[in-house]
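Chemist: For the sequence shown, the working numbering begins at 20 and goes up steadily by one.
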Amino acid sequence: MISVVNIKKEFGGSPLFEEVTFNINPKDRIGLAGVNGAGKSTLLKIISGEMESDNGKIVIPSDLTIGYLPQEKVISSGLTIFDEAMQVFRFLVDYKTEISKIHTCLEDSENYSDSKYSSNIDRLEFLENALALYSPEQLQGDAERYLMGLGFKRSDLFRPMGEFSQGWQMRVEIAKLLLLKPSLLLLDEPTNHLDIESIEWVEDFLKTYPGSVMLVSHDRSLLDNITNRTVEISNGKMYDYKAAYSDYIVQREERESHLKATFNNQQREINEVEQFIERFRYKASKAKQVQSRVKMLEKMDMIELDNIDKSAIHFLFPPAPHSGKVTIDGKHVSKSYADNLILDKIDFEILKGEKIAFLGRNGEGKSTLAKIITGNLDFTGELKIGHQVEVAYFAQDQGDMLDPELTVFETVDNVAVGDIRKKINSILGAFLFQGEDVNKKVKVLSGGEKSRLSLALLLLQPSNLLIMDEPTNHLDLRSKDILKSALLQYDGTLVIVSHDRDFLQGLTTRLYEFKNKGIKEYRGDIELFLEKRKLDSLKELELNKRLSTKTKSVDSNNKTNWENKKAFDKKVRKLKSEISSIEKQIEELEQKLNVINEKLSAPDLNASEIKSGELYIQHDNVNSELSIAYDNWDNKQQELENLKS
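(1) Could you give the DSSP three-state label for D488: helix, strand or coil?
(2) In the DSSP output, which residue or residues are listed as bridge partners for D207?
(3) Over what stretch of residues does the alpha helix (DSSP H) that includes F110 continue unbroken?
(4) Please confirm if I375 has its CB atom under 8 Å from at least one CB of chain D.
(5) Measure from the alpha carbon of I17 to the alpha carbon of each residue in I49, A151, S620, then state which is nearest.
(6) For the beta strand (DSSP E) holding D259, just list the boundary residues, first then last.
(7) Identify the continuous alpha helix (DSSP H) that holds N640 and give its terminal residues.
(8) With H, G and I counted as helix, E and B as strand and the rest as coil, what does DSSP make of E373?
(9) I'd like the span of the beta strand (DSSP E) that includes A411, first residue to last.
(10) Using only the alpha-carbon positions, how far apart do G437 and I443 sit?
(11) Secondary structure at S572, three-state DSSP: helix, strand or coil?
(12) Helix, strand or coil, according to DSSP, for R179 in the structure here?
(13) Counting only runs of 4+ residues fully inside the segment 318–402, write out the alpha helix (DSSP H) ranges in chain order.
(14) Among K611, H341, L335, which residue has its Cα nearest to the Cα of E644?
(15) What three-state label does DSSP hand Y153 in the structure shown?
(16) If you compare alpha carbons, which of I601, E617, R142 is closest to N654?
(17) What residue range is occupied by the uninterrupted alpha helix (DSSP H) comprising V292?
(18) If I'm right that L476 touches V514 with Cβ under 8 Å, what's the distance once you round it to whole angstroms?
(19) Compare the Cα-Cα distances from L169 to each of E182, I215, F377 and report the closest residue.
(20) Could you check the C-alpha separation between L624 and D639 for me, to the nearest Å?
(21) Within 10 angstroms of the Cβ of L662, are there 16 or more other Cβ atoms? Answer buried if so, exposed if not.
(22) Find the nearest neighbour of I332 within the set D243, K603, E606, K499, judged by alpha-carbon distance.
(23) Pull up the distance between the alpha-carbon of E29 and that of L35, whole angstroms please.
(24) Locate the alpha helix (DSSP H) running through E222, then write down its first and last residues.
(25) Enumerate in chain order the residues of its own chain whose CB-to-CB distance from V232 is below 6 Å, with the five nearest sequence positions on each side excluded.
(26) Can you list, in chain order, the residues of its chain whose CB lies under 8 Å from that of Q656, leaving out five sequence neighbours each side?
(27) Should K469 go down as buried or exposed, given a rule of 16 or more other Cβ atoms within 10 Å for buried?
(28) Rounded to a whole number of angstroms, what is the C-alpha to C-alpha distance between A57 and R497?
(29) Are N42 and M20 touching if we call contact CB-CB under 8 Å?
(30) On a Cα-Cα basis, can you pick out the residue from S627, L98, D223, M189 that is closest to E208?
(31) According to DSSP, what are the bridge partners of E540?
(32) Using the rule of at least 16 other Cβ atoms within 10 Å of the residue's Cβ for burial, across every protein chain shown, is G454 buried or exposed?
(33) Along the alpha helix (DSSP H) that carries E76, what are the first and last residues, could you check?
(34) Classify A306: buried if its beta carbon has 16 or more other beta carbons within 10 angstroms, exposed otherwise.
(35) Let me know if G384 comes out buried or exposed under the rule of 16 or more other beta-carbons within 10 Å of its beta-carbon.
(36) Excluding the five sequence neighbours on either side, which residues of its own chain have a C-beta within less than 8 Å of the C-beta of Y153, listed in chain order?
Printed below as a string of structure tokens:
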């Protein structure tokens, strides 16, 4: 169990949070909740040791390990994907080097009763047992399985890290962390760079993970499917709920409602008492009652309402201008980057008023097709945009495309035309830019603020085809819900690229899955798509099982060899442990015998014990036990040598 005790952290003299106290128990699945800027990432850094707290402490038992995944990480590696993943096991080389040094030290040692000799034996046992847990075949197999589960193709594993984007390199960091299997996993937005397939793989992995997990995520589905506790940081305070995210929201509202009712009752009682005091303050006959009520007020535990930040964006898209029935018609659309073919002669049609999702692994062409539709990429094939179709586009990196030197107000003012310019402040207010916020330069805005500003710009250009590429990347859960509500009420055509299952659920009526340079159409929403894909996966698994029975005989020898090696290693570890235990017993018996011999060599000081014969009896008993121990040690050593030979 890890204990977080009275943690406090300040930035710029203002407390981010204080008096944060809770325990992390074995197999806990904890979701950290709170608005952006509440201190969730900071708390993870403090628990991981990446950052120091200003007060309090983290109590971590010596036998527990912690693994931490930050939101972003600067990665510089010249290794291949597979070799970089295997770097986490470099400590095994250190273990082997240390074992060699300890063997040399033991061979040179002449005093077997020395404490250093005993500690070396203990350390040697630990190192050998640790090494026995790792076999090269198992490590390599796990690394390959984890990397492919996170979306890499087998052919990618031996390509250099530098050929992959930052997002793909972060997947390698996730694999490295999972391979180490720490006692506590601390994950800060682990699904930021993952597609739906990889998210589901991580989700399944975490469900059966033997250690504890604590994570920050804006993926409601992940939180609901994984967590059993929610720790909320709100206005510098911490609240612990024994529930997953959606249940926590309900419980929090119930708690707030109950607290407000209790607060109102107390305020009513205080008001009545104060009125009594004021009314009878100067009446001698009521002096005792007045004094009693004054003391009662002084002793009363005052209830304080939490200052819950419920600010959120609120907006609706403007009505969509009229357009023709067919919004987009694509025939034999293809796109290559140099020799890399992304889309190969795909056909698709999008009708007026449809809400369509583009799904698939990263790199399969979803964003590429979105850019082709908006006219931002050249291509081969034929693409017809319907009559009077007006496109509005939210790019995946839309926030980075804003002019960093302009202020928030100037950014909107440069786009607004006509009467809408009179509403700029109202529009910005709807996206939480108020007061001095409108004068901030874009370059100082957070990722979430840039996303909100980019969404505000969409309102300034009425459209009947809205194309959005990962619009929820930097939005908190409340803002995502409001954006989803606005999209549901949007009366134009929507094409959305997203990996957020909860956000997509109920939003779209048709899906295109991008795979192997082509696309496949699915009717229905994300839930039906995922169910269908799981069914297809089960059918494929059943087919693979049937095929594997034909090649079972080829693999049986390898399996037998692996099982024999596993049994052999287990016997060796057991014998070494028994030998070490006997050596400790011999050491203790020899010490006892030395004490008895010292007493026998000083008869004047131990006359009574010698005269009664007690010392001689003890001497014979210890000698007998020692003889048996030596025989046991010889037998076990012989057994070990026979086993190895």
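Even for Gly, the Cβ is constructed at its ideal location relative to N, Cα and C.
Modeler: Let's see:
(1) Taking the sequence shown and counting its residues from 1, the one referred to as residue 488 is at position 469. Strand, per DSSP.
(2) Sequence index remark: in the sequence shown, residue 207 carries index 188 (1-based). Answer is V235, bridged to D207.
(3) Counting from one through the sequence shown, the residue named residue 110 turns up at place 91. Its alpha helix (DSSP H) spans residues 110–127.
(4) In the displayed structure, chain D is absent; only one protein chain is listed.
(5) A question about residue 17 goes unanswered here, because the residues of the chain that appear run from 20 up to 664.
(6) The count along the sequence shown starts at 1 and reaches residue 259 at position 240. Where D259 is concerned, the enclosing beta strand (DSSP E) stretches over 256–260.
(7) Taking the sequence shown and counting its residues from 1, the one referred to as residue 640 is at position 621. Run containing N640: 633–663, per the alpha helix (DSSP H) assignment.
(8) Locating residue 373 in the sequence shown gives position 354, where the first residue counts as 1. Looking at E373 - three-state DSSP - the assignment turns out to be coil, as it is neither helix nor strand.
(9) Locating residue 411 in the sequence shown gives position 392, where the first residue counts as 1. 410–413 is the span of the beta strand (DSSP E), which, as asked, contains A411.
(10) Start at 1 with the first residue of the sequence shown, and residue 437 comes out as number 418. Start at 1 with the first residue of the sequence shown, and residue 443 comes out as number 424. Each residue's alpha carbon lies about 11 Å from the other.
(11) On the sequence shown, position 553 is the one that residue 572 refers to. Note that S572 scores 47 on pLDDT, short of 50, meaning its location in the model is unreliable; the coordinates nonetheless yield the value given after this. Three-state DSSP puts S572 in a helix.
(12) On the sequence shown, position 160 is the one that residue 179 refers to. Checking the sequence, you will find Pro at residue 179 rather than Arg. In the structure shown, P179 sits in a strand (DSSP, three-state: E or B).
(13) Secondary structure in the segment 318–402: the alpha helix (DSSP H) runs of 4 residues or longer, each lying completely within the stretch, are 385–393 in chain order.
(14) Reading the sequence shown from its first residue, position 625 is the one you call residue 644. Considering only K611, H341, L335, the residue with the shortest C-alpha distance to E644 is K611.
(15) Numbered from its first residue, the sequence shown carries residue 153 at position 134. The answer is coil: DSSP assigns Y153 none of H, G, I, E or B.
(16) Looking up residue 654 in the sequence shown gives position 635. Closest in alpha carbon position to N654, among I601, E617, R142, is I601.
(17) Residue numbering aside, residue 292 sits at position 273 when the sequence shown is read from its first letter. Start and end: 264–299.
(18) The count along the sequence shown starts at 1 and reaches residue 476 at position 457. The count along the sequence shown starts at 1 and reaches residue 514 at position 495. Not confirmed; about 18 Å, so no contact.
(19) Here residue 169 refers to the residue found at position 150 when the sequence shown is read from its first residue. Per the C-alpha coordinates, the member of E182, I215, F377 positioned closest to L169 is I215.
(20) Reading the sequence shown from its first residue, position 605 is the one you call residue 624. Reading the sequence shown from its first residue, position 620 is the one you call residue 639. The straight-line gap from Cα to Cα measures roughly 21 Å.
(21) Numbered from its first residue, the sequence shown carries residue 662 at position 643. Within a 10 Å sphere around the beta-carbon of L662 sit fewer than 16 other beta-carbons, which makes this residue exposed.
(22) The residue you call residue 332 lines up with position 313 of the sequence shown. With distances taken between Cα atoms, I332 lies closest to K499.
(23) As a working mapping, residue 29 is identified with position 10 in the sequence shown. As a working mapping, residue 35 is identified with position 16 in the sequence shown. Going by the C-alpha atoms only, they are around 5 Å apart.
(24) Sequence index remark: in the sequence shown, residue 222 carries index 203 (1-based). 215–226 is the extent of the alpha helix (DSSP H) around E222.
(25) Start at 1 with the first residue of the sequence shown, and residue 232 comes out as number 213. Around V232: R48, L204, L225.
(26) In the sequence shown, counting from the first residue as 1, residue 656 sits at position 637. Around Q656: I598.
(27) Here residue 469 refers to the residue found at position 450 of the sequence shown. With at least 16 other beta carbons inside 10 angstroms of its own, K469 counts as buried.
(28) Reading the sequence shown from its first residue, position 38 is the one you call residue 57. Reading the sequence shown from its first residue, position 478 is the one you call residue 497. A57 and R497 have their C-alpha atoms spaced approximately 14 Å apart.
(29) Along the sequence shown, read from residue 1 onward, the residue named residue 42 stands at position 23. Along the sequence shown, read from residue 1 onward, the residue named residue 20 stands at position 1. In this structure, M20 lies closer than 8 Å to N42 by Cβ.
(30) Counted from its first residue, the sequence shown places residue 208 at position 189. When S627, L98, D223, M189 are compared, the shortest CA-CA separation from E208 is found for M189.
(31) Taking the first residue of the sequence shown as position 1, residue 540 is located at position 521. DSSP output for E540 lists Y531 as bridge partner(s).
(32) Here residue 454 refers to the residue found at position 435 when the sequence shown is read from its first residue. With fewer than 16 other Cβ atoms within 10 Å, it is exposed.
(33) The count along the sequence shown starts at 1 and reaches residue 76 at position 57. For clarity, residue 76 is Lys in the given sequence; the question names Glu instead. Looking at the DSSP string, K76 is not in any alpha helix (DSSP H); the run it does join, the beta strand (DSSP E), is 74–78.
(34) Residue mapping note: residue 306 aligns to position 287 of the sequence shown, counting from 1. Here A306 is exposed: its Cβ has fewer than 16 other Cβ atoms, across all protein chains shown, within 10 Å.
(35) Locating residue 384 in the sequence shown gives position 365, counting from the first residue. Buried.
(36) Working through the sequence shown from its first residue, we reach residue 153 at position 134. Excluding positions up to five away in sequence, the list reads F108, L111.
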